[in-house]
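K.L.:
Dropping the structure in here first, questions after.
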Amino acid sequence: MTTRSMTLSRPAPLTASPLALETRSVPSPGEGELLLRVAACGVCRTDLQICEGDIEARTLPIVPGHQIVGHLEAIGPGADGWKVGQRAGIGWLASTCGACAFCLGGRENLCPQARFTGWDRDGGYATHAVVRGDFAFHLPDGFDDLAVAPLLCGGIIGYRSLKRSGIRPGGVLGLYGFGASALLTIQVALHWGCRVFVSTRSASERARALALGAAWAGGYDEAPPAPLDASITFAPSGDVVVSALRATARGGTVAINAIHLDRIPSFSYDLLWLERNLVSVANYTRDDAREFLALAAEIPVRTATDVFPLEEANEALARLKRGEINGAAVLRSGEL
Ligand SMILES: [Zn+2]
Ligand SMILES: [Zn+2]
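Just so we're aligned, residue 75 is where the sequence shown starts under my numbering, counting upward by one.
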């Protein structure tokens, strides 16, 4: 039996279609691993940055994709708690060492030995994927395969960003950038009774934010109508971080939800003074993921998806880059 994948051999601009279709024999799951028949895989900005080389590839060739929804075809020795045929999801965190101070202290997202799906080991732009059973998740029944895939990166990391921002129920929250992750994050914030102001360059994203319940939407340099208790930046731009800091109340926090930022420009210390906090958000812990998936089912969180066949992964990434995706891009590997 063979598996098809869209494989990155050498990072290149998307105009050169860096992903190529590859066929090989289906791998067997090793110790503690699961073999998934991939049904859907979300397309993330991080995939785009790996394919174009903005984030350096850790190993090549690599199959990108870290929002994988699949059904178990085979279970390796010692992968407890799973049965063939069950649905499973896996996100960015592929494995951690389990023994360092970060892992033992509830901060496995910072494990120096952490390995990542679609960066260190092959991901979900494929018909099959082998993942660690202890890093895979049971997925809530209320979501179909295509709908749940985008929750596995943007949703979980957006949820961790909310926690890192320190926003409390009923607080005033700013969101800077309004792509797939912000679309999910706002639904959690509104569920918590927050007032949400959205800043983004795109007029269509501003309209979408208002339709989803934002109290205000404007451009990056417009001042929101009230000081922010906390804000989260999603755009890979340091200028946007400074805009967010400028709008944040004394004692408030700006959480940067970006694995890659062009730079941090210099800015007046007055913007940080009075106990404002500037924090980054790195990866997630499995507890974050489980908490978010349960909350997403309870709310319930909704995402619009733009679905592409696996073979059109280059096109999906190109549309993401051009800002032409309306909710979240998802690759479909299986039959509908
Ligand atoms: Zn991602
Ligand atoms: Zn560790």
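Ideal Cβ positions, reconstructed from N, Cα and C, are used throughout, including at glycine.
(1) Which word fits Thr259, buried or exposed, when buried means at least 16 other C-beta atoms lie within 10 angstroms of its C-beta?
(2) Cβ-heavy atom distance between Trp290 and ligand 1 below 8 Å?
(3) On the DSSP letters alone, give me the boundaries of the alpha helix (DSSP H) that Gly229 sits inside.
(4) Please list, in chain order, all residues of the same chain as Gly139 whose beta carbon is under 6 Å from its beta carbon, the five residues on each side excluded.
(5) CA-CA distance, Leu410 and Val112?
(6) How about Ile142 and Leu226: do their beta carbons lie closer than 9 Å?
(7) For Gln187, which residues in the same chain have their Cβ closer than 6 Å to its Cβ, ignoring the five residues on either side in sequence?
(8) Cα separation between Thr390 and Gly401?
(9) Do you know offhand how far Ala297's Cα is from Ser317's?
(10) First and last residue of the alpha helix (DSSP H) that includes Ile124?
(11) The beta strand (DSSP E) with Ala390 in it runs from where to where?
(12) To the nearest angstrom, how far is it from the Cα of Leu82 to the Cα of Gly325?
(13) Just to confirm, does Asp121 get its C-beta within under 8 Å of one of the non-hydrogen atoms of ligand 1?
(14) Suppose contacts are defined by Cβ-Cβ distances below 9 Å. Is Val328 in contact with Gly229 by that definition?
(15) Skipping 5 residues on each side, what residues in its chain have a beta carbon closer than 6 Å to that of Leu286?
(16) Who does Thr322 pair with in a DSSP beta bridge?
(17) Quick one: is Tyr250 buried, meaning 16 or more other Cβ sit within 10 Å of its Cβ, or exposed?
(18) When the Cα of Thr49 is compared with those of Pro101, Ala304, Asp336 and Pro339, which residue comes out closest?
(19) If you drop the 5 nearest sequence neighbours on each side, which residues of the same chain put their C-beta closer than 8 Å to that of Leu264?
(20) Which class does Phe382 belong to by DSSP, given the choice of helix, strand or coil?
(21) Give every residue of the same chain whose Cβ lies closer than 7 Å to the Cβ of Gly152, excluding the five residues on either side of it in the sequence, and list them in chain order.
(22) Between Asp137 and Glu147, how many whole angstroms is the CB-CB distance? I'm expecting something under 8 Å.
(23) If you compare alpha carbons, which of Val262, Pro214 and Gly253 is closest to Thr274?
(24) Residues with a Cβ closer than 5 Å to any heavy atom of ligand 2, in chain order?
P.N.:
Put simply:
(1) Here residue 259 corresponds to residue number 185 of the sequence shown, with the count starting at 1. Buried, since its Cβ has 16 or more Cβ neighbours within 10 Å.
(2) Against the sequence shown, residue 290 aligns to sequence position 216. No.
(3) The sequence position of residue 229 within the sequence shown is 155, counting from 1. Counting along the chain, the alpha helix (DSSP H) containing Gly229 begins and ends at Gly228 to Ser239.
(4) Walking along the sequence shown from the start, residue 139 turns up at place 65. Once the five neighbours on either side are set aside, the close Cβ partners of Gly139 are Cys115, Gly192, Gly197, Gly198 and Tyr199.
(5) The residue you call residue 410 lines up with position 336 of the sequence shown. The residue you call residue 112 lines up with position 38 of the sequence shown. With a pLDDT of 45 at Leu410, under the threshold of 50, the modelled position of this residue cannot be trusted; read the value that follows with caution. In a straight line, the C-alpha of Leu410 is about 12 Å away from that of Val112.
(6) For the purposes of this step, residue 142 is taken as the residue at position 68 of the sequence shown. For the purposes of this step, residue 226 is taken as the residue at position 152 of the sequence shown. Yes, the pair counts as a contact, with Cβ atoms nearer than the cut-off.
(7) On the sequence shown, residue 187 is found 113 positions in, with the first residue counted as 1. Contacts found: Cys171.
(8) Start at 1 with the first residue of the sequence shown, and residue 390 comes out as number 316. Start at 1 with the first residue of the sequence shown, and residue 401 comes out as number 327. A small correction: the amino acid at residue 390 is Ala; Thr does not occupy that position in the sequence shown. Those two C-alpha atoms are separated by around 12 Å.
(9) On the sequence shown, position 223 is the one that residue 297 refers to. On the sequence shown, position 243 is the one that residue 317 refers to. About 9 Å.
(10) By 1-based counting over the sequence shown, the position of residue 124 is 50. Per DSSP, Ile124 belongs to the alpha helix (DSSP H) from Arg119 to Glu126.
(11) Counting from 1 along the sequence shown, the entry for residue 390 is found at position 316. Segment Ala387 to Lys395 is the alpha helix (DSSP H) holding Ala390; no beta strand (DSSP E) there.
(12) Residue 82 sits at position 8 when you count from the first residue of the sequence shown. Residue 325 sits at position 251 when you count from the first residue of the sequence shown. Taking the straight line joining both Cα atoms gives about 44 Å.
(13) If you number the sequence shown from 1, residue 121 lands on position 47. Yes.
(14) Counting from one through the sequence shown, the residue named residue 328 turns up at place 254. Counting from one through the sequence shown, the residue named residue 229 turns up at place 155. Between Val328 and Gly229, the C-beta spacing is not below 9 Å.
(15) If you number the sequence shown from 1, residue 286 lands on position 212. For Leu286, where only same-chain residues beyond five positions count, the Cβ hits under 6 Å are Ile260.
(16) Position 248 of the sequence shown, counting from 1, holds the residue named residue 322. Its beta-bridge partners are Leu302.
(17) Here residue 250 is taken as the residue at index 176 of the sequence shown, counted from 1. Per the 10 Å Cβ criterion, buried.
(18) Nothing in the structure corresponds to residue 49, since the chain is present only between 75 and 410.
(19) For the purposes of this step, residue 264 is identified with residue 190 of the sequence shown, where counting begins at 1. Hits under 8 Å: Val270, Leu286 and Gly287.
(20) As a first step, residue 382 is located in the sequence shown; it is residue number 308 there, counting from the start. If DSSP states are grouped into helix, strand and coil, Phe382 belongs with the strands.
(21) Counting from one through the sequence shown, the residue named residue 152 turns up at place 78. Hits under 7 Å: Glu105 and Gly106.
(22) Numbered from 1 along the sequence shown, position 63 holds the residue referred to as residue 137. Numbered from 1 along the sequence shown, position 73 holds the residue referred to as residue 147. Correcting the residue type first, residue 137 is Val in the shown sequence and not Asp. About 17 Å; that fails the 8 Å criterion.
(23) Counting from 1 along the sequence shown, the entry for residue 274 is found at position 200. It is Gly253.
(24) Any heavy atom of ligand 2 counts here; residues with a Cβ closer than 5 Å to one of them, in chain order, are Thr170, Cys171, Cys174, Cys177 and Cys185.
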